[in-house]
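To start, the structure under review is shown below, and the notes come after it.
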Amino acid sequence: MKCFVFVLCIIASCSANAVVHVKDAVIESVYCGYVDTYDMCSVLFTSDTVMHGLEGSCHTLPAKRMQFKGDTPMGKTLLSLALTAYTTKVKVDVYAREKCTIYPGLSDVNFITLK
Numbered sequence: 116m117k118c119f120v121f122v123l124c125i126i127a128s129c130s131a132n133a134v135v136h137v138k139d140a141v142i143e144s145v146y147c148g149y150v151d152t153y154d155m156c157s158v159l160f161t162s163d164t165v166m167h168g169l170e171g172s173c174h175t176l177p178a179k180r181m182q183f184k185g186d187t188p189m190g191k192t193l194l195s196l197a198l199t200a201y202t203t204k205v206k207v208d209v210y211a212r213e214k215c216t217i218y219p220g221l222s223d224v225n226f227i228t229l230k
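For the sequence shown, my numbering begins at 116 and goes up steadily by one.
Next up, the structure:
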């Protein structure tokens with residue numbers, strides 16, 4: 116099982132072209148709900164988000180968080196991973212998509228890796 120998860124993470128990392136990420140962070144909080152009419156789940160990290168090629172990045176808010184939709188199959192999987200990481204306080208690497216479609220100024224989560 117660990118090998119399968121590792122292979123999935125390698126595939127995801129090879130296909131990721133993220134402009135924002137956090138590495139070796141602990142998840143401080145997770146919430147899901149309606150914020151300013153946006154339905155989303157939000158993950159807050161202990162580490163700052165790192166931006167690559169700041170010019171043109173949609174991640175403009177000074178926040179240690181990223182967002183994802185919780186009402187899709189992938190969103191439910193991301194929520195499960197985020198809650199597992201939060202509960203166990205395991206470190207994570209989280210990479211963002213190049214889009215901020217869920218909440219303006221905050222990156223959409225692409226994938227979460229538990230370490």
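Glycine residues also receive a C-beta, built at the ideal position from the N, C-alpha and C atoms.
Excluding the 5 residues flanking residue i on each side, which residues of the same chain have their C-beta closer than 6 Å to its C-beta?
i: Tyr153; result: Tyr218
i: Val135; result: Thr164, Met166, His174, Ala211 and Ser222
Please return the same chain residues whose Cβ sits closer than 7 Å to the Cβ of residue i, not counting the five positions on each side in sequence.
i: Arg212; result: Ala133, Ser222, Asp223 and Asn225
i: Lys214; result: Cys173 and Asp223
From the DSSP output, which residues share a beta bridge with residue i?
i: Thr228; result: Asp208
i: Ala140; result: Val207
Check each candidate in the options and name the one with the smallest Cα separation from residue i.
i: Ser144; options: Ser172, Lys179, Thr175 and Asp151; result: Lys179
i: Leu176; options: Thr228, Ile227 and Gly220; result: Gly220
Report, in whole angstroms, the separation of the C-beta atoms of residue i and residue j, which I expect to be a contact under 8 Å.
i: Gln182; j: Ser162; result: That pair is no contact at about 17 Å.
i: Lys107; j: Lys230; result: Nothing about residue 107 can be read from this structure; the chain reaches only from 116 to 230.
Determine the burial state of residue i: buried for a count of at least 16 other Cβ atoms within 10 Å of its Cβ, exposed for fewer.
i: Tyr146; result: exposed
i: Gly185; result: buried
i: Phe119; result: At Phe119 the pLDDT is 45, less than 50, meaning the model places this residue with poor confidence; the figure from the coordinates comes in the next sentence. Its Cβ having fewer than 16 others within 10 Å, Phe119 is exposed.
Using C-beta distances below 8 Å, list every residue in its chain close to residue i, excluding the 5 sequence neighbours before and after it, in chain order.
i: Lys138; result: Ser162, Val165 and Asp208
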